[in-house]
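Residue numbers (the numbering used here), protein chains in the order written: chain A, 29 to 189; chain B, 29 to 189.
Report on the structure given below.
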DNA sequence: CAATAATAGTTATACAGCATAACTTTATTT
DNA sequence: AAATAAAGTTATGCTGTATAACTATTATTG
């Protein structure tokens, strides 16, 4: 506002916005960084017609054959009703099977089809490549430390005391 | 109740789900960690009737008085139409003012009211306290490294080559 | 064993976050 | 002056997430 027209820049605070207060928050940093990572992941998975949620579900089913929808929902930290539509989609695309559990006819045993496993392989390889590029500016030691820190935040050692 | 090994557990992956493949992805770690942080932030801001978006907007307006909605939307990395409803809410609650810019009658100059600045102070203090607890298990050096790494990911030095 | 409670999956629904198109009003450009 | 661009707005749709209520089945228990 008080910038005289000495500088060729037309507007003062136009492009330089002060977010120093927000930068004090780790949540702010995480949100901004995660936005970038998520955008990259979404773009990476798009050629495979997968979103983060469908990819995550597919991977967990391939790696944990036979698990139930409830278990999967718990693992993915989403509500059961929301998982149903994910399974509907993966099943419709013949990437997974919903087999009835003989010992508990309420539950489904989720397994990946051959097509599902193939898609898993391709998508996982693509994700690895893209993530490698995303982290190319961070050395291995730091990368490990970041992963560990993120995990420690996730675990949440903030006792109630 | 711990299950003794008298019986071969019918379902092996019952409570222990293997997410090793996903753990190779930083995005997965970030999402899970961010979920925790976000939940904490949401809970922290709830007493002030603020969400992450409204809090972020309020802070940026207080710290950058006079900025326009377009500038704010750019700073927050959200679309202008979505910012409108945020400003509607903050204005309705008399936390900010939308003053017409004399030199450009299309734009609004956003400023915080006294109530807005007071809420900013209280909310920011609360956020700081909660984040401190959230990061209590991480030493200062690691914390700095994590922030730096997150920022470097955000900036995205991944060239197009 | 029958009544009850709990669990797995489902449907319907609602809300927040994010994106795009199209519009009005005002500024800028040509 | 006409065309173009920018700021803000409205309408709309899609994704992700959450809850209530329902069914079918299993587990509990009195």
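No residue lacks a Cβ here, since even glycine has one placed at the ideal position from N, Cα and C.
Since the model is a prediction, treat every value here as computed from it, not as a measurement.
At a Cβ cut of 8 Å, what residues of the stretch 146-169 of chain A count as close to chain B, listed as they run along the chain?
152, 155, 156, 159, 161, 162, 163, 164, 165, 166
Taking the straight line between their C-alpha atoms, what separation do you get for residue 116(A) and residue 184(A)?
33 Å
Residue 177(B) versus chain A: which residues are under 7 Å apart at the beta carbon?
166, 170, 174
Run down chain B in chain order and give the residues with a C-beta less than 7 Å from the C-beta of residue 55(A).
65, 66, 69, 159
Going straight from the alpha carbon of residue 151(A) to that of residue 83(A), what length do you get?
8 Å
Go through its chain and collect everything with a Cβ distance to residue 176(A)'s Cβ below 8 Å, but skip five positions before and after it.
none
So, does the CB of residue 141(A) fall closer than 9 Å to a CB anywhere in chain B?
no
Count the C-beta pairs between the stretch 158-170 of chain A and the stretch 104-119 of chain A that are closer than 8 Å, then say yes if the count reaches three, no if not.
no
What are the boundary residues of the beta strand (DSSP E) that includes residue 124(B)?
124-129
Using the beta-carbon of each residue, which ones in chain B are nearer than 7 Å to residue 113(A)?
Those within 7 Å of residue 113(A) in chain B number zero; the least Cβ separation is about 19 Å.
With a CB to CB cut of under 8 Å and the five nearest residues on each side skipped, what residues in its chain are close to residue 51(B)?
57
Can you give me, in chain order, the residues of the stretch 76-108 of chain B that have a beta carbon less than 7 Å from any beta carbon in chain A?
84, 87, 88, 91, 92, 94, 95, 99, 103, 105
Answer yes or no: does any C-beta atom of chain A fall closer than 9 Å to that of residue 184(B)?
yes
Beta-carbon separation of residue 89(B) and residue 142(B) under 9 Å?
no
9 Å is my cut-off, CB to CB: does residue 123(A) come that close to chain B?
no
Contacts of residue 59(B) in chain A (Cβ-Cβ under 8 Å)
62, 66, 80
Suppose contacts are defined by Cβ-Cβ distances below 9 Å. Is residue 53(B) in contact with residue 155(A) by that definition?
yes
Residue 36(B): buried (16+ other C-beta within 10 angstroms of its C-beta) or exposed?
Because residue 36(B) carries a pLDDT of 33, less than 50, the predicted location of this residue cannot be relied on, and the following value inherits that uncertainty. The residue in question, residue 36(B), is exposed, as its Cβ has fewer than 16 Cβ neighbours within 10 Å.
Could you tell me whether any Cβ in chain B is nearer than 9 Å to the Cβ of residue 52(A)?
yes
Boundaries (first-last residue) of the alpha helix (DSSP H) holding residue 167(A)
Unbroken run through residue 167(A): none, as it is neither H nor E.
Those residues which DSSP pairs with residue 140(A) across a bridge
124(A)
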